[in-house]
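Visitor: Below is a structure I'd like to ask you about.
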Amino acid sequence: MTTFTIDITNASHLAGITAARNKYNENLPETTTDEEGNELPNPALIETDEDYVQFVMDKAAESYANQYGT
């Protein structure tokens, strides 16, 4: 595993990340149902902007690997 650090100081850029995360979450149900029929919070919802940036970068890295056959 490698850790990358990103600094974003522009308030507009930060607001854009929040808006993108909210839009992503908007397309997901708030809850899921387990095998016993219990309604649970949806673990696919992304709670923080930091987690959303991690999600986006992980998808980008996956795309790079596929594109370059690594």
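Convert by adding 115 to the 1-based position in the sequence shown; the result is the number in my numbering. No residue lacks a Cβ here, since even glycine has one placed at the ideal position from N, Cα and C. None of these values were measured; they are calculated from a predicted model.
1. Look up threonine 163 in the DSSP assignment and say whether it is helix, strand or coil.
2. Can you name the start and end residues of the alpha helix (DSSP H) that threonine 133 belongs to?
3. Return the first residue and the last residue of the beta strand (DSSP E) that threonine 146 is part of.
4. Under the assumption that isoleucine 123 contacts leucine 129 (Cβ atoms under 8 Å), give the Cβ distance between them as a whole number of angstroms.
5. Give me the DSSP bridge partner(s) of proline 156.
Guide: Answer, in terms of the structure:
1. Residue state, collapsed to three classes: coil.
2. Element bounds for threonine 133: 126-141.
3. Start and end: 146-148.
4. Correct: roughly 6 Å between the Cβ atoms.
5. Proline 156 pairs with Thr146.
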